[in-house]
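Notes follow the structure.
Numbering (this note's numbering), first residue to last: 17 to 129.
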């Protein structure tokens, strides 16, 4: 691929990592409230956070398999998040972060293949 595509993918990987860290570390109280609102257990919230941060870190690996696991995992988690938003009948604007990360995960996954 060309250099500009390589740069775009690196930017997307960085956006994914920084946004996940921001939401799951800096704004953790918001995550606690959301999981409580959706009647999801605390253990699931904590497991999702650990797994999501792990997947985001994997994006920055030099090992292609790790990048595929990370981007595929983020895509899978965001698909589940979108399903949950539909289940509780949230408005579309509340789904936008999950839709954005799903898109980023899929672009990185397809590029890495």
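C-beta: ideal position from N, C-alpha, C; glycine also. What you are looking at is a predicted structure, and each value in this text was computed from that prediction instead of being measured.
Beta-carbon proximity of residue i to residue j, cut-off 7 Å
| i | j | result |
| --- | --- | --- |
| residue 56 | residue 120 | no |
| residue 91 | residue 118 | yes |
| residue 68 | residue 93 | yes |
Inter-residue spacing [alpha-carbon to alpha-carbon] between residue i and residue j
| i | j | result |
| --- | --- | --- |
| residue 24 | residue 114 | 20 Å |
| residue 131 | residue 63 | Not covered by the structure: residue 131. The range shown for the chain is 17 to 129. |
| residue 116 | residue 129 | 20 Å |
| residue 104 | residue 84 | 30 Å |
| residue 98 | residue 47 | 15 Å |
| residue 45 | residue 51 | 10 Å |
| residue 38 | residue 18 | 31 Å |
At a cut of 8 Å, does the segment 34-53 reach the segment 69-79 through at least three beta carbon pairs?
yes
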